[in-house]
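Undergrad: Residue numbers (the working numbering), protein chains in the order written: chain S, 300 to 680; chain G, 300 to 680.
In structure tokens form, the structure reads like this:
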């Protein structure tokens, strides 16, 4: 292969596929980026076997020439060095010229780089996915749904299924859920889909969804989702993002969500976040993150935490609504902060069913989010 | 003590003194910030025994009340928690109220914090320095002189004297020098001083100078410097910065600086930096950072580096001037980059006295900087 390509276009595509390069791979060829040149354009591919990303650069875009192709062909180049070097090349155009034994010559301005390329035949083949059913979701919505659930996954690799987010599509309701057995996050949305479209208990690794979020552009883009037996393919413009579906049965969490509350609070989200954040600062010193929330006789609430070494923080907080029984409950302030940071509603609902029962947190401006935190079993602080 | 103080003024002073708090101290009281309240204002002090920083907040500034003092006194509060908490307090004013046994109550808005304070009598006393002779230097110049020398100090704690920068003031020439035995940086400047002012071989730890640089504001400020037998005091506005002078005899480096060259180059600083940076990317893979610089018959130079795993980078570079013998020399590209990053001159002079002799790098727009790099003893790459 021999091409001349616009540096910034190549660089952008490299940034996309680089998300699939693992620094810990034991398969040498996966330390590389595969470059395939056809008469249509240049395709870059990278993979860590869990996720594979492919980015296509067309010969021409908007009547501007992006790639000049002198000879088609393929090569695999060492990713780490290639990624850093392309960014730093001096000229607007970069020439890539592959000789025998995949010896590659890269030229830009007065810079010449000889690279030891690898045989593209050794690179793993991407999964073939039949595109029977395509589900289109707005990129913004997808990013929000990921952000509002992924923080609740488990980091414990001994239960791999809980390191993922559960996806379901029933009718036109798309629903994500994540739990680490101490907390739960769920987010749903109504989307436009064909009547027969369905997603049944598909679990995708949280770290994969974080990488996916980074690739989805900020402008309003449609992401096409194709689900097969063991793979999901996301199509984002000219980028194809393949990921494995996690094996296993996701636990049924529906039964632990209470449907009535003994105490209900509505609070200013920002003020609550700041108060919990200050209590967290102290609770962190004890490594427990325990804070105590108490309703007061005047209807307000008090949030407090203490550390034998340092002291005690006490916060008084006005409430917008406070209905039901008096309450005294302890919970992990870090878990509460994680929820508060992703809720975009100005006011927040918190429902309690007792000092030892799940705490439910919901935005007040829509019904599509639900967060659950289990309290600590030490309510007498 | 009992005061009410403007949050942003307290916070700024805390940020200054926090530079002296070490996370690795074995003396518990040094994990604290000492607060002294007199009728003039509030003084904060922190120390890690090597450096001590004191910041004064006056009762009033520009006719605005900063501190309201109800009761004078002193206390030491745990630094880490105090620093983070003050930033996050909800109200513009913060009340600090110290009770018996140094129990401290901090109030701001509806937030109340009880802190376990420590006895200020246990806090180390700052050194007394006689202010016989004060040397004033512009903050900008001081920061530049530090930046252009400190990167050449040794990181090897087995020769502590080389972990510092050597200061001398003779006549009205202030001179800084640093070496790690592989390279040397020196920077001098003419300053306005009284005739008898002198600094004789004072060595100050590089990490101390980096902290000092962070405290010197960007606006044009005068820094007053007072040197005693074993301490230096820097006065920067309302901040006092004390540091220990390193013990030991600094090696004489004057003899290794050549005063004539066999080959002299003048190059575009930016283009050279970019070319060396690309060669560095590859040389880094071999952990040696070796690059080869060669003069070519057409007067230009070639910079190259290679890695058996990845390949080879070759850079052609036009020169502005090239006088003397043909040259072929290898050196540490990281050392060269460190120099190029701090030289602000558009063009750069490099002088060589042979493949095994020191390389001299100087800006072309003034005579106050000199950098030296020893070449590798493997000129045949």
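Even glycine gets a Cβ: it sits at the ideal position worked out from N, Cα and C.
So the candidates are 579(G), 555(G) and 505(G); which of them puts its Cα closest to the Cα of residue 545(G)?
TA: Among 579(G), 555(G) and 505(G), the Cα nearest to that of residue 545(G) belongs to 505(G).
Undergrad: State the DSSP-derived secondary structure class of residue 638(G), mapped to helix, strand or coil.
TA: Note: residue 638(G) maps to helix in three-state DSSP.
Undergrad: Once the 5 residues before and after residue 575(S) are set aside, which same chain residues still bring their CB inside 6 Å of it?
TA: So the qualifying residues of the chain are 632, 635 and 636.
Undergrad: I want to verify the contact list: residues of chain G whose CB lies under 7 Å from the CB of residue 389(S), in sequence order.
TA: Chain G residues near residue 389(S): 573.
Undergrad: For chain S, check one thing: does any of its Cβ atoms lie closer than 8 Å to the Cβ of residue 314(G)?
TA: For residue 314(G), the answer is no, since every Cβ of chain S falls outside 8 Å of its Cβ.
Undergrad: How far does the beta strand (DSSP E) with residue 543(S) in it extend, from its first residue to its last?
TA: Taken as a continuous stretch (DSSP letters only), the beta strand (DSSP E) holding residue 543(S) covers 538-543.
Undergrad: Suppose you measure from the CA of residue 343(G) to the CA of residue 332(G); what does that come to, to the nearest Å?
TA: Cα to Cα, residue 343(G) sits roughly 7 Å from residue 332(G).
Undergrad: Buried or exposed: which applies to residue 738(S), given that a residue is buried once 16 or more other Cβ atoms fall within 10 Å of its Cβ?
TA: The displayed coordinates of chain S run from 300 to 680. Any statement about residue 738(S) would go beyond what the structure contains.
Undergrad: If we ignore side chains and look at the alpha-carbon of each, how far apart do residue 515(G) and residue 438(G) end up?
TA: So the alpha carbons of these two residues sit roughly 6 Å apart.
Undergrad: Just to confirm the assignment, what range does the beta strand (DSSP E) spanning residue 523(S) have?
TA: Segment 521-526, the beta strand (DSSP E) holding residue 523(S).
Undergrad: What three-state label does DSSP hand residue 479(S) in the structure shown?
TA: Reduced to three states, the DSSP call for residue 479(S) is coil.
Undergrad: Report yes or no: do the region 451-461 of chain S and the region 386-394 of chain S share at least 3 C-beta pairs separated by less than 8 Å?
TA: No, they do not touch.
Undergrad: In terms of residues, what are the limits of the beta strand (DSSP E) holding residue 608(S)?
TA: Premise fails: residue 608(S) is in no beta strand (DSSP E) and is neither H nor E.
Undergrad: Using a beta-carbon distance below 8 Å, is residue 448(G) in contact with chain S?
TA: Output row for residue 448(G): interface = no.
Undergrad: Give the single residue among 591(G), 619(G), 615(G) and 564(G) whose Cα lies nearest to the Cα of residue 660(G).
TA: If we check each option's Cα against that of residue 660(G), 564(G) comes out closest.
Undergrad: Assuming residue 487(G) contacts residue 473(G) under a Cβ cut-off of 8 Å, what Cβ separation, rounded to an integer in Å, is found between them?
TA: Going by Cβ atoms, the distance from residue 487(G) to residue 473(G) rounds to 7 Å, so yes, they are a contact pair.
Undergrad: Provide the residue span of the alpha helix (DSSP H) that contains residue 447(G), from first to last.
TA: Counting along the chain, the alpha helix (DSSP H) containing residue 447(G) begins and ends at 438-449.
Undergrad: Under three-state DSSP, which class holds residue 678(S)?
TA: The predicted position of residue 678(S) is uncertain, since its pLDDT is 44 and thus under 50; a value taken from the coordinates is nonetheless stated next. Coil at residue 678(S), not helix or strand.
Undergrad: Return yes when the Cβ of residue 312(G) is within less than 8 Å of the Cβ of residue 356(G), no when it is not.
TA: Contact: yes.
Undergrad: Using only the alpha-carbon positions, how far apart do residue 481(G) and residue 666(G) sit?
TA: Answer to the nearest angstrom: the Cα atoms are 22 Å apart.
Undergrad: If I measure Cβ to Cβ from residue 493(S) and keep anything under 8 Å in the same chain, skipping five residues before and after, which residues do I get?
TA: So the list reads 432, once near-sequence residues are dropped.
Undergrad: Mind pulling the alpha helix (DSSP H) runs of 4 or more residues that sit fully within the region 532-599 of chain S?
TA: Complete alpha helix (DSSP H) runs here, min 4: 568-582.
Undergrad: At which residues does the beta strand (DSSP E) containing residue 313(G) begin and terminate?
TA: Not the beta strand (DSSP E): residue 313(G) falls in the alpha helix (DSSP H), residues 306-317.
Undergrad: Contact between the region 400-418 of chain S and the region 522-537 of chain S: three or more CB pairs below 8 Å?
TA: Flag = no, the region 400-418 of chain S and the region 522-537 of chain S do not touch.
Undergrad: Could one say the Cβ of residue 335(S) lies closer than 8 Å to chain C's Cβ atoms, at least one of them?
TA: Any reference to chain C falls outside this structure, whose protein chains are S and G.
Undergrad: I need the straight-line Cα distance from residue 627(G) to residue 593(G), nearest angstrom please.
TA: Distance between the alpha carbons of residue 627(G) and residue 593(G): 4 Å.
Undergrad: By Cβ distance below 7 Å, which residues in the same chain neighbour residue 552(S) in space, the five residues on each side in sequence not counted?
TA: Taken in chain order, the residues that qualify are 476, 478 and 483.
Undergrad: Please list, in chain order, all residues of the same chain as residue 561(S) whose beta carbon is under 7 Å from its beta carbon, the five residues on each side excluded.
TA: Counting only Cβ-Cβ distances below 7 Å, and skipping sequence neighbours, we find 623, 624, 651, 652 and 653.
Undergrad: Between the Cα of residue 380(S) and the Cα atoms of 537(G), 579(G), 368(G) and 523(G), which residue gives the shortest distance?
TA: When each option's Cα is compared against that of residue 380(S), the closest is 579(G).
Undergrad: Between residue 682(G) and residue 614(G), is the Cβ-Cβ spacing less than 8 Å?
TA: This structure cannot settle anything about residue 682(G), because the visible part of chain G is limited to 300 through 680.
Undergrad: Which class does residue 670(S) belong to by DSSP, given the choice of helix, strand or coil?
TA: Strand, per DSSP.
Undergrad: Quick check: the region 345-352 of chain G against the region 366-374 of chain G, are there 3 or more CB pairs under 8 Å?
TA: The region 345-352 of chain G is not in contact with the region 366-374 of chain G.
Undergrad: Name the one or two DSSP bridge partners that residue 614(G) has.
TA: Partner(s): 410(S) and 602(G).
Undergrad: By a C-beta neighbour count over all protein chains shown, 10 Å radius and 16 as the cutoff for buried, is residue 447(S) buried or exposed?
TA: By the neighbour-count rule (16 or more Cβ atoms within 10 Å), residue 447(S) is buried.
Undergrad: Using DSSP's beta-bridge definition, name the partner residues of residue 643(S).
TA: Residue 643(S) is not bridged to any residue.
Undergrad: Could you check whether the Cβ of residue 384(G) sits closer than 8 Å to any Cβ belonging to chain S?
TA: Interface residue, yes.
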